[in-house]
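Structure first, commentary second.
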Amino acid sequence: MAKAFWIDQDFDRDRHGRYAAHVEKNLPEFEWGDIAPVRFACAAWRLATPPSLDPGYVRWDRRVLDATCARNTWDGTLTARVRIVSPLPEPLTRSRAWWRDRGWQGWQELFGQYVEPTQQDLARSPFLRATLLVEAPVPLAGLPPEPEGPHERVEESAQRAVAVLVRELNELVSPILDQLG
2 MAKAFWIDQD FDRDRHGRYA AHVEKNLPEF EWGDIAPVRF ACAAWRLATP PSLDPGYVRW
62 DRRVLDATCA RNTWDGTLTA RVRIVSPLPE PLTRSRAWWR DRGWQGWQEL FGQYVEPTQQ
122 DLARSPFLRA TLLVEAPVPL AGLPPEPEGP HERVEESAQR AVAVLVRELN ELVSPILDQL
182 G
């Protein structure tokens with residue numbers, strides 16, 4: 002099974018702990034005083050991924066367009082939201098009658114990455130790009146408790162939170178990517 006997400010330890014180590022330095026520089030991104038680890042884990046994830054850190058401390062499969070974490074406002078749990086490039090649904094591939102010779106385009110690739118069409122592309126032809134949206138609860142087991150404040154080894158806790166989220170998101174998304182082929 003291919004991994005959907007991974008931590009780029011080598012790149013980070015070659016740049017002398019770039020993620021830890023990024024966390025330390027962005028301590029105001031964290032809120033303090035919550036007994037649940039959700040807010041802290043979400044902030045750690047946000048700081049580990051583009052556009053906050055580019056390239057990200059967390060990397061993902063080229064078919065993953067973005068991955069975010071948020072606190073569920075209903076019960077305070079952690080919800081992951083992952084957008085994935087998908088082939089067109091089978092009813093659209095069965096027949097091209099709906100195309101009406103308009104020159105529909107799908108996902109474009111640039112250096113192996115799926116990219117959004119430019120404004121110039123959109124002026125020339127129509128695009129139909131399928132995506133899957135995964136929204137799912139993420140178990141809190143293994144997430145470090147939120148530090149009591151910015152003086153409490155926040156960088157280490159952030160790295161641990163991100164590692165747990167990578168593991169949980171792999172469990173969730175990797176089987177989907179494997180099924181898509």
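Numbered per the numbering used here, the sequence shown spans residues 2 to 182.
Glycine included, C-beta positions come from ideal geometry on N, C-alpha and C.
Cα separation between residue i and residue j?
| i | j | result |
| --- | --- | --- |
| R14 | C43 | 23 Å |
| L54 | S96 | 43 Å |
| E172 | L166 | 10 Å |
| T50 | D102 | 40 Å |
| D35 | E147 | 7 Å |
Determine the contact status of residue i and residue j, defining contact as a CB-CB distance below 8 Å.
| i | j | result |
| --- | --- | --- |
| A1 | G77 | Because the chain is modelled from 2 through 182, residue 1 falls outside the range shown and cannot be assessed. |
| G107 | R130 | yes |
| F112 | P56 | no |
| L170 | F31 | no |
| A68 | L178 | no |
| W105 | P88 | no |
| L181 | Y115 | no |
Under 7 Å: does the beta carbon of residue i sit that close to some heavy atom of the ligand GDP?
| i | result |
| --- | --- |
| E169 | Among the components of this structure there are no ligands whatsoever, and the ligand GDP is therefore not found. |
Which residues bound the alpha helix (DSSP H) around residue i?
| i | result |
| --- | --- |
| P176 | 155-181 |
| G151 | For the record, residue 151 in the displayed sequence is Pro; it is not Gly. Segment: none, P151 is in no alpha helix (DSSP H) and carries neither H nor E. |
| W92 | As written in the sequence, residue 92 is Pro, which differs from the Trp given in the question. Taken as a continuous stretch (DSSP letters only), the alpha helix (DSSP H) holding P92 covers 91-95. |
Please report the residue range of the beta strand (DSSP E) in which residue i lies.
| i | result |
| --- | --- |
| L79 | 79-86 |
| P138 | 132-139 |
| W7 | 6-8 |
* Asked: Using 8 Å as the threshold, is the region 74-90 in touch with the region 138-158, meaning 3 or more CB pairs across them?
  -> yes
* Quick one: complete alpha helix (DSSP H) runs, 4+ long, within the region 17-68? -> 19-26, 39-49
* Asked: Does the region 118-133 come within contact of the region 158-173, defined as at least 3 CB pairs closer than 8 Å?
  -> no
* Report yes or no: do three or more beta-carbon pairs, one from the region 11-29 and one from the region 148-157, lie closer than 8 Å? => yes
* Kindly provide the ranges of any alpha helix (DSSP H) runs that are 4 or more residues long and lie completely inside the region 103-133, ordered along the chain. => 120-125
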